[in-house]
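Colleague: Dumping the structure here so I can ask a few things about it.
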Amino acid sequence: MGTEGKYTVITGASAGIGYATAKAFAKRKKNIILVARREHNLNELKREILQEAPELDIVIKAVDVSVSQNVHQLYRELNSYEIETWINNAGFGNYESVSGQDLDKIETMLRLNVEALTIFSSLYVRDYKDVEGAQLINISSAGGYTIVPTAVTYCATKFYVSAFTEGLAHELKAANAKLQAKVLAPAATKTEFGQVANNTSEYDYDNVFSKYHTSDEMANFLLQLYDSNMTVGRVDRENFEFKLSEPLFDYAGNSKNNQKVQLKD
6 MGTEGKYTVI TGASAGIGYA TAKAFAKRKK NIILVARREH NLNELKREIL
56 QEAPELDIVI KAVDVSVSQN VHQLYRELNS YEIETWINNA GFGNYESVSG
106 QDLDKIETML RLNVEALTIF SSLYVRDYKD VEGAQLINIS SAGGYTIVPT
156 AVTYCATKFY VSAFTEGLAH ELKAANAKLQ AKVLAPAATK TEFGQVANNT
206 SEYDYDNVFS KYHTSDEMAN FLLQLYDSNM TVGRVDRENF EFKLSEPLFD
256 YAGNSKNNQK VQLKD
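Quick note, the working numbering runs 5 ahead of the 1-based positions in the sequence shown.
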């Protein structure tokens, strides 16, 4: 079995960055819990990992976490595992004007990008905030720091992810918690993202973007963030350089204008 019987949870593991990240963590001999809707893809990923590292325990959870009750149920099912790292990677995008966007798709995107991530993060923090070495890594986007034309609603969900995770990182540090909260913000990455965001079965990254990263490159960036003590790992949309930093949003901290009520822990 992998490292000390501990596990890494990766949501959205059936393709793209999640798939590549699972393989990258497996190379570090981490037991992994793979979460996504497409069980066939998860089984294929498990097979690939075990070919290289048969000693690992790879757990598959085929579930749609855009359904809130599934989110709570899945977390309860994982109570028996010691989870050293939780990676909220599940999410998708949408390119369309606000006036023209498909609200059924948008509602699902909000539930997945915002609601599921918030619930998983909150539950994980409750259980692991005082566990040495625990990490929560939420996947945002370069569009979580820059508003991109025709992707306003998607960017808004990722601004939420960035602000929520940066704020959580401040909160954990103020409480001297051992858990670290971090946010990864990719720019264009060659995955299924383009097809889903544009509602098309064909999407050529070479024609659409002058620069992009591969999923393997982003998984490597994620490991750099994982190995660091920084809160943010962000790809610059202009030069595609990867930068590690402290939180980027303004933080009120000890402002004299903050409410004086002491919140419970």
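Glycine residues also receive a C-beta, built at the ideal position from the N, C-alpha and C atoms. Note that this is a predicted model, so its numbers are computed, not measured.
What first and last residue would you give for the alpha helix (DSSP H) that runs through G96?
Modeller: Taking the first residue of the sequence shown as 1, we reach residue 96 at position 91. Counting along the chain, G96 falls outside any alpha helix (DSSP H), and DSSP gives it neither H nor E.
Colleague: Report the rounded CA-to-CA distance for A186 versus V153, giving the unit in angstroms.
Modeller: For this step, residue 186 is matched to residue 181 along the sequence shown. For this step, residue 153 is matched to residue 148 along the sequence shown. Rounded to the nearest angstrom, the two C-alpha atoms are 25 Å apart.
Colleague: For H218, which residues does DSSP report across the bridge?
Modeller: As a position in the sequence shown, residue 218 is number 213, starting the count at 1. T194, per the DSSP bridge assignment.
Colleague: Throw me the rounded Cβ distance for the S146 and P191 pair, which I believe falls under 8 Å.
Modeller: Looking up residue 146 in the sequence shown gives position 141. Looking up residue 191 in the sequence shown gives position 186. Contact holds; Cβ gap of about 6 Å.
Colleague: Answer with buried or exposed for N118, where buried requires no fewer than 16 other C-beta atoms within 10 angstroms of its C-beta.
Modeller: To locate residue 118, count along the sequence shown from 1; it is residue 113. Buried.
Colleague: For K51, count neighbouring Cβ atoms within 10 angstroms of its own Cβ and tell me buried if that reaches 16, exposed if not.
Modeller: As a working mapping, residue 51 is identified with position 46 in the sequence shown. K51 should be labelled buried.
Colleague: Between the Cα of K11 and the Cα atoms of S19, F254, K28, I37, which residue gives the shortest distance?
Modeller: Within the sequence shown, numbered from 1, the residue matching residue 11 stands at position 6. Ranking the options by Cα distance to K11, first place goes to I37.
Colleague: So the alpha helix (DSSP H) Q106 belongs to, where does it begin and stop?
Modeller: Numbered from its first residue, the sequence shown carries residue 106 at position 101. No alpha helix (DSSP H) contains Q106, which DSSP labels as neither H nor E.
Colleague: Is Y231 helix, strand or coil when you go by DSSP?
Modeller: For this step, residue 231 is matched to residue 226 along the sequence shown. Three-state DSSP puts Y231 in a helix.
Colleague: Can you list, in chain order, the residues of its chain whose CB lies under 6 Å from that of L227, leaving out five sequence neighbours each side?
Modeller: Indexing the sequence shown from 1 puts residue 227 at position 222. Here L227 has T26, L189 as same chain residues with Cβ atoms under 6 Å from its own Cβ, once five neighbours each way along the sequence are excluded.
Colleague: I need the DSSP call for F254, collapsed to helix, strand or coil.
Modeller: Reading the sequence shown from its first residue, position 249 is the one you call residue 254. DSSP places F254 in coil when its eight states are reduced to three.
Colleague: By how many angstroms is the C-alpha of A168 removed from the C-alpha of G238?
Modeller: On the sequence shown, position 233 is the one that residue 238 refers to. On the sequence shown, position 163 is the one that residue 168 refers to. Whole-angstrom Cα-Cα distance: 14 Å.
Colleague: For N94 and K261, what's the separation of their Cα atoms in angstroms?
Modeller: The residue labelled residue 94 in the question sits at position 89 within the sequence shown. The residue labelled residue 261 in the question sits at position 256 within the sequence shown. Using only the alpha carbons, I get a separation of about 36 Å.
Colleague: Starting from R239, follow the beta strand (DSSP E) in both directions and report where the run begins and ends.
Modeller: Position 234 of the sequence shown, counted from the first residue, corresponds to residue 239. R239 -> beta strand (DSSP E) spans 237 to 240.
Colleague: Sorted by chain position, which residues of the same chain lie with C-beta nearer than 6 Å to Y159's C-beta, five sequence neighbours on each side aside?
Modeller: Looking up residue 159 in the sequence shown gives position 154. Closer than 6 Å at the Cβ level, and outside the excluded window around Y159, lie G98, N99.
Colleague: Give me, in chain order, the residues of the same chain whose beta-carbon lies closer than 7 Å to that of P252; leave out the 5 immediate sequence neighbours on both sides.
Modeller: Taking the sequence shown and counting its residues from 1, one reaches residue 252 at position 247. So the qualifying residues of the chain are E171, A174, H175, T236, V237.
Colleague: Rounded to whole angstroms, what's the CA-CA distance from I65 to V103? Just pull it up for me.
Modeller: For the purposes of this step, residue 65 is identified with residue 60 of the sequence shown, where counting begins at 1. For the purposes of this step, residue 103 is identified with residue 98 of the sequence shown, where counting begins at 1. Going from the Cα of I65 to the Cα of V103 covers about 36 Å.
Colleague: In the DSSP assignment, find the unbroken beta strand (DSSP E) run with Q140 in it and report its ends.
Modeller: Here residue 140 corresponds to residue number 135 of the sequence shown, with the count starting at 1. Following the DSSP letters along the chain, one finds Q140 inside the beta strand (DSSP E) bounded by residues 140 to 144.
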